[in-house]
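Participant:
In our numbering, the protein residues as written are 158 to 431.
1. Sorted by chain position, which residues of the same chain lie with C-beta nearer than 8 angstroms to residue 172's C-beta, five sequence neighbours on each side aside?
2. Report back the beta-carbon spacing between residue 344 and residue 378 to the nearest angstrom; my notes put them in contact at under 8 angstroms.
3. Check whether the segment 214–233 and the segment 195–205 are in contact - that is, three or more C-beta pairs closer than 8 angstroms.
4. Under a three-way DSSP split, which group does residue 389 fall into?
5. From the DSSP output, read off the bridge partner residues of residue 327.
6. State the DSSP-derived secondary structure class of residue 373, mapped to helix, strand or coil.
7. Output yes or no for whether 8 angstroms exceeds the beta carbon distance between residue 248 and residue 263.
8. Does the Cβ-Cβ distance between residue 408 and residue 391 come in under 8 angstroms?
9. Does the beta-carbon distance from residue 309 to residue 266 come in below 8 angstroms?
10. Taking the alpha helix (DSSP H) that residue 258 falls in, what are its first and last residues?
11. When the Cβ atoms of the segment 316–323 are set against those of the segment 350–357, are three or more pairs found closer than 8 angstroms?
12. With DSSP run on the structure shown, which of helix, strand or coil describes residue 178?
13. Assign residue 360 to one of three DSSP states: helix, strand, or coil.
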């Protein structure tokens with residue numbers, strides 16, 4: 158099989174624990190792009206927190222794409238055009254805020270290039286560190302959110318979110334997509350919007366076949382694209398239930414797991430067919 162696209166989650170997949178790309182992984186991805194393979198970044202992160210990685214990998218030069226907010230936005234790196242955008246209404250955000258109060262968890266969302274929360278907390282601080290975005294504490298959260306937003310997070314200790322994820326997936330079925338991106342991040346986007354559906358839209362625009370796509374990730378918000386791709390890859394640091402669904406399991410994000418997949422399934426294959 159000749160693969161034409163590799164789609165990568167960022168945190169705990171492409172990025173090492175210090176949030177950098179290892180030299181081996183970067184070289185493998187640059188070599189793949191030079192050979193004509195599209196490298197697409199697909200993350201729960203806001204667009205703002207992905208652009209520096211896109212620039213490091215020169216996605217603009219190679220005409221590639223970002224799927225941010227768990228696929229709720231698709232951006233053409235070469236033109237900065239938004240190819241797809243999905244939002245939640247203020248009323249939906251207000252509803253989620255009231256649910257967060259009932260369930261005694263924290264909540265935050267994004268307004269412009271800022272993280273907005275009614276009360277700062279250790280998990281929103283983690284999001285601030287990951288994204289590099291400032292955190293705004295809005296005493297009246299409902300009043301603050303008067304325009305559509307792309308995504309909302311409920312954040313709390315992992316053991317609390319495991320049960321809450323199942324409860325709200327059932328309660329909000331057909332209304333919202335509800336999935337954990339990290340053990341302490343429960344994310345909400347428009348129903349039917351995830352990394353898999355956005356990837357499907359993107360490859361249709363590019364005339365790339367499903368079987369020509371590799372998708373790699375480590376968490377539950379990556380499941381949709383892992384299932385969709387011709388070669389769905391789970392990281393070695395992924396939970397066992399994600400590994401069971403993947404077509405292939407690579408090494409961890411700290412062991413150049415992404416590079417090994419690119420070398421094995423793209424670069425080495427090209428050498429053998431020459």
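Beta carbons are placed, not taken as given, at the ideal position from N, Cα and C, and that holds for glycine.
Facilitator: Let's see:
1. 178, 210 and 410
2. 6 angstroms
3. yes
4. strand
5. DSSP, once it has assigned bridges, lists no residue as partnering residue 327.
6. strand
7. no
8. no
9. Residue 266 sits close to residue 309, with the two beta carbons spaced by under 8 angstroms.
10. 247–260
11. no
12. Looking at residue 178 - three-state DSSP - the assignment turns out to be coil, as it is neither helix nor strand.
13. helix
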